[in-house]
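S.K.: Just add 1306 to the spot in the sequence shown (first one is 1) and you have the working numbering.
Handing you a structure now.
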Amino acid sequence: MNSKSYECCIIGAGPSGLGVAVELSRHGVNDVLIIDKSNIVGGLSRTEIYDGARFDVGPHRFFTKNQEVNTLWHDTLGADFRPVERITRIHYKDKFFNYPIKALDVLSKIGFMESALALASFAAARFRSSGQSETFEDWITQKFGRKLYETFFKTYTEKVWGIPCNQISAQWAAQRIKGLDVLEVVKNALFSGSRNAPKTLVEQFDYPLLGAGQMYEAMCDGVVERGVEVLLGTRVVSFNRSQDVIDSIDVITEESWGTTAEKKSWGTTAEKSQRHRISARHFFSSAALTHFFRLLDPKDDALDDAAVDALYYRDHITVNVLVDNAAIFPDQWVYIHSPDVQVARIANYNNFSPEMVRDKKMTALSVEYFVFQHEDLWRQSDDSIKELAADELQYLGLIKKERVVNSWVVRETEAYPTYYINFEGAYDVVKARTDRYVNFSPVGRGGLYKYNNQDHSILSGILAARNYLSLPGTPYRIWDINIDAQYHEDAKRKDKA
Ligand SMILES: Cc1cc2nc3c(=O)[nH]c(=O)nc-3n(C[C@H](O)[C@H](O)[C@H](O)COP(=O)(O)OP(=O)(O)OC[C@H]3O[C@@H](n4cnc5c(N)ncnc54)[C@H](O)[C@@H]3O)c2cc1C
């Protein structure tokens, strides 16, 4: 077996892995290898190109309240990182509703009776509210009332998570739509553009000229120039340990073997499907946290399998569709609330950046399905999933099916860590055990089992690198990152406070 040694090894060339690499490299640590099973950098935030059109893995807006991440994004792409005026709507009962919800828009579209019911249920919820909410359903109904919850939150949320809203933890609502309540929505409708608007309501976001992935390709190029090596098409299959130390990992090359540094590493001599061993002083991983424990060799008997098995992720299918029609809808994305169709969201990349589509007569859409691998939809062939997407686009009145020029299915496993009721028990057990591994730092979304956006993910990488470098202010408590503006303070170890 070939083996190589580095000071640091990073698993995953997504935002968090690249955040680690950027920060290490800034501090002169370039004896670093980044490994990714995909052939494209960017992870879930990558951009794939088909027939001259660029598609993200579902819509990816860039927004952060963290100045450091914002500066990194702008420094990385300069003029190619441009503001986009947000247009997003909810499609429900054949109508489009503005999102964020605008009071007059809703009232004019749902009619007098429905409006009266919505206002009455909102008033009743406010009157009855205990302030305590364990489930997503409680959290939303207390803030909006049952009628608005059923109209604007229930079906979409259940499509995303695959479980009823009364089994989804309120933590997800608190994290995703933190600070959002009806008064805030009304205030925002009246004074739009308020600087302190909650994240969900922000009406402008930045976006790269050539898709979300352009950001990560540029970040990757930057660290490669400074000597970091990147090995794509290579999957980690084993974390080899002695007690609480990870000595090495084993990797297998998959589709193709290559490094972004022109195969200057050991790629030219490596054979496809060969197993290689990589040792390092420290490992950072953005692979699913549960996979880390499943790939440990020898297995960690101190951790009950049940705790790992209790954590599971929602998987995701995107059907990228190229349509011969330049004007389908003006939104960057539309939430599909109708229970008649399985699609949950449709993005239109022409409206993110016109440069995403080479042929200006065409539109690049992504049609998203949230699914578990054991469900029927995941098991269907690509052709039947493409057919479903085209049928549903037509059913919703968005396109004529015969205008579909081509389509492609992209499957993503472990896309959304699932925050079901009481998942925290198992999560705390797994986190505590992970912390025992002295030279292993989980980062990012799947790595930390956190509903982290790009900014949280990058920041987790940057702070994990600082912990390794023992920079001033460290150690940061990486598990706690995700709370808008206060990342730095919140991420500091409680025991330091
Ligand atoms: C549908 C969707 C829409 C989103 N929209 C937004 C948005 O609008 N705004 C926003 O800020 N964020 C959004 N996000 C979140 C964003 O995609 C993530 O926060 C971010 O990509 C996470 O970065 P990461 O590096 O932690 O993980 P990932 O992006 O998941 O990268 C992990 C990498 O690790 C690699 N990997 C995993 N296992 C192995 C292994 N065994 N061996 C080798 N490599 C491995 C993977 O191939 C992947 O490239 C969205 C996510 C999804 C799924």
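We treat Cβ as the ideally placed atom computed from N, Cα and C, and that holds for glycine.
Quick caveat, the model's predicted, so the values are computed rather than measured.
(1) Distance, Cα to Cα, W1445 vs S1747?
(2) Using DSSP with H/G/I as helix, E/B as strand and the rest coil, what is I1634?
(3) Identify the continuous alpha helix (DSSP H) that holds C1526 and give its terminal residues.
(4) Taking V1627 as part of the beta strand (DSSP E), name the residues at either end of that continuous run.
(5) Just grab the DSSP bridge partners of C1315 for me.
(6) Would you please state the rounded distance, in angstroms, between the beta carbons of E1661 and L1775? I believe it to be under 8 Å.
(7) By Cβ distance, which residues of its chain are closer than 7 Å to A1430, with the 5 residues on each side in sequence left out?
(8) Tell me the residue span of the beta strand (DSSP E) that contains Q1510.
(9) Given this structure, state the Cα-to-Cα distance separating R1600 from K1449, to the nearest angstrom.
(10) Let's test the definition: count the other Cβ atoms within 10 Å of the Cβ of R1742 and tell me whether it reaches 16, buried, or not, exposed.
(11) Please confirm whether A1593 and Y1312 have their CB atoms less than 7 Å apart.
(12) Taking buried to mean at least 16 other C-beta atoms within 10 Å of its own C-beta, is P1321 buried or exposed?
(13) What residue ranges within the stretch 1651-1736 form continuous beta strand (DSSP E) runs of no fewer than 3 residues, ordered along the chain?
(14) Which same chain residues end up closer than 7 Å to Y1439 when comparing Cβ atoms and leaving out the 5 residues on each side of it in sequence?
(15) Pull up the distance between the alpha-carbon of H1582 and that of L1628, whole angstroms please.
(16) How long is the line joining the alpha carbons of Y1462 and P1365, rounded to whole angstroms?
(17) Using the Cβ count rule (16 or more neighbours within 10 Å means buried), how would you classify P1406?
(18) Output yes or no for whether 7 Å exceeds the beta carbon distance between V1328 and T1624.
(19) Hey, L1324 and P1514: beta-carbon distance below 7 Å or not?
(20) Between A1385 and the rest of its own chain, which residues show a CB-CB distance below 7 Å, the 5 nearest in sequence each way excluded?
(21) Please confirm whether any heavy atom of ligand 1 lies closer than 6 Å to the CB of D1342.
(22) Pick from Y1722, V1536, A1653 and D1689: whose alpha carbon is nearest that of L1595?
(23) Could you have a look at S1776 and say whether DSSP puts it in helix, strand or coil?
(24) Which of the three DSSP states is assigned to N1404 in this structure?
(25) Kindly give me the distance between the Cβ atoms of N1788 and K1756, rounded to whole angstroms, as I take these residues to be in contact under 8 Å.
(26) When we look at the beta-carbon of E1443 and count the other beta-carbons within 10 Å, is it buried (16 or more) or exposed?
(27) Using 8 Å as the threshold, is the stretch 1672-1687 in touch with the stretch 1643-1654, meaning 3 or more CB pairs across them?
(28) Between the stretch 1326-1342 and the stretch 1353-1363, are three or more C-beta pairs nearer than 8 Å?
(29) For A1518 and T1353, which I take to be in contact (beta-carbon distance under 8 Å), what is that distance rounded to the nearest angstrom?
(30) Taking 6 Å as the cut-off, is the CB of A1653 close to at least one heavy atom of ligand 1?
(31) Quick check on DSSP: helix, strand or coil for E1391?
(32) Per DSSP, what kind of secondary structure is G1573 in: helix, strand or coil?
(33) Would you list the one or two residues that DSSP bridges to T1559?
(34) When every heavy atom of ligand 1 is checked, does at least one fall within less than 6 Å of the C-beta of I1623?
(35) Using 6 Å as the cut-off, classify the Cβ of I1317 as near or not near the heavy atoms of ligand 1, replying yes or no.
M.R.: Straight from the coordinates:
(1) Numbered from 1 along the sequence shown, position 139 holds the residue referred to as residue 1445. Numbered from 1 along the sequence shown, position 441 holds the residue referred to as residue 1747. Between W1445 and S1747, the C-alpha separation is close to 33 Å.
(2) Within the sequence shown, residue 1634 is the residue found at index 328, counting from 1. Note: I1634 maps to coil in three-state DSSP.
(3) Start at 1 with the first residue of the sequence shown, and residue 1526 comes out as number 220. It spans A1518 to E1531 - the alpha helix (DSSP H) in which C1526 sits, taken as one unbroken run.
(4) By one-based count along the sequence shown, residue 1627 stands at place 321. That run of the beta strand (DSSP E) goes Y1619 to V1629.
(5) One-based indexing of the sequence shown puts residue 1315 at position 9. According to DSSP, C1315 bridges with L1339 and F1589.
(6) The residue you call residue 1661 lines up with position 355 of the sequence shown. The residue you call residue 1775 lines up with position 469 of the sequence shown. Not a contact, Cβ separation roughly 37 Å.
(7) Against the sequence shown, residue 1430 aligns to sequence position 124. Correct list, in chain order: G1451.
(8) The count along the sequence shown starts at 1 and reaches residue 1510 at position 204. Q1510 to P1514 is the extent of the beta strand (DSSP E) around Q1510.
(9) For the purposes of this step, residue 1600 is identified with residue 294 of the sequence shown, where counting begins at 1. For the purposes of this step, residue 1449 is identified with residue 143 of the sequence shown, where counting begins at 1. Rounded to the nearest angstrom, the two C-alpha atoms are 40 Å apart.
(10) Taking the sequence shown and counting its residues from 1, one reaches residue 1742 at position 436. Counting Cβ neighbours within 10 Å, R1742 comes out exposed, since fewer than 16 surround it.
(11) Here the question's residue 1593 lines up with position 287 in the sequence shown. Here the question's residue 1312 lines up with position 6 in the sequence shown. Cβ atoms of A1593 and Y1312: not closer than 7 Å.
(12) Translated into the one-based positions of the sequence shown, residue 1321 becomes position 15. With 16 or more other Cβ atoms within 10 Å, it is buried.
(13) 1651-1654, 1669-1677 and 1710-1723
(14) In the sequence shown, counting from the first residue as 1, residue 1439 sits at position 133. Per the sequence presented here, residue 1439 reads as Ser, with Tyr not at that position. So the qualifying residues of the chain are W1445, Q1448 and A1476.
(15) Residue numbering aside, residue 1582 sits at position 276 when the sequence shown is read from its first letter. Residue numbering aside, residue 1628 sits at position 322 when the sequence shown is read from its first letter. The straight-line gap from Cα to Cα measures roughly 39 Å.
(16) As a position in the sequence shown, residue 1462 is number 156, starting the count at 1. As a position in the sequence shown, residue 1365 is number 59, starting the count at 1. Rounded to the nearest angstrom, the two C-alpha atoms are 15 Å apart.
(17) Along the sequence shown, read from residue 1 onward, the residue named residue 1406 stands at position 100. Classification of P1406: buried, given that the 10 Å Cβ count is 16 or more.
(18) Along the sequence shown, one-based indexing puts residue 1328 at 22. Along the sequence shown, one-based indexing puts residue 1624 at 318. Their beta carbons are not under 7 Å apart, which means V1328 does not touch T1624 by this criterion.
(19) Position 18 of the sequence shown, counted from the first residue, corresponds to residue 1324. Position 208 of the sequence shown, counted from the first residue, corresponds to residue 1514. Contact: no.
(20) Position 79 of the sequence shown, counted from the start, is the residue given in the question as residue 1385. No residues qualify anywhere along the chain.
(21) For the purposes of this step, residue 1342 is identified with residue 36 of the sequence shown, where counting begins at 1. Checking the Cβ of D1342 against ligand 1 gives yes.
(22) The residue you call residue 1595 lines up with position 289 of the sequence shown. Residue Y1722 is the option with its Cα nearest to L1595.
(23) As a working note, residue 1776 is residue 470 in the sequence shown. Three-state result, S1776: coil.
(24) The count along the sequence shown starts at 1 and reaches residue 1404 at position 98. Note: N1404 maps to strand in three-state DSSP.
(25) Taking the first residue of the sequence shown as position 1, residue 1788 is located at position 482. Taking the first residue of the sequence shown as position 1, residue 1756 is located at position 450. Contact flag correct, Cβ pair sits at about 6 Å.
(26) For the purposes of this step, residue 1443 is identified with residue 137 of the sequence shown, where counting begins at 1. When all chains shown are included, E1443 counts as buried.
(27) yes
(28) no
(29) Residue 1518 sits at position 212 when you count from the first residue of the sequence shown. Residue 1353 sits at position 47 when you count from the first residue of the sequence shown. Indeed they touch by this definition, with Cβ atoms about 6 Å apart.
(30) Indexing the sequence shown from 1 puts residue 1653 at position 347. A1653 Cβ: outside cutoff for every heavy atom of ligand 1.
(31) Translated into positions along the sequence shown, residue 1391 becomes position 85. Strand at E1391.
(32) The count along the sequence shown starts at 1 and reaches residue 1573 at position 267. A caution first: G1573 carries a pLDDT of 41, below 50, which makes its placement in the model unreliable, though a value can still be read off. Of the three classes helix, strand and coil, the one that applies to G1573 here is helix, per DSSP.
(33) Reading the sequence shown from its first residue, position 253 is the one you call residue 1559. According to DSSP, T1559 bridges with T1540.
(34) Your numbering for residue 1623 matches position 317 in the sequence shown. Not under cutoff, so the answer is no.
(35) Here the question's residue 1317 lines up with position 11 in the sequence shown. Checking every heavy atom of ligand 1 against the Cβ of I1317, one is found closer than 6 Å.
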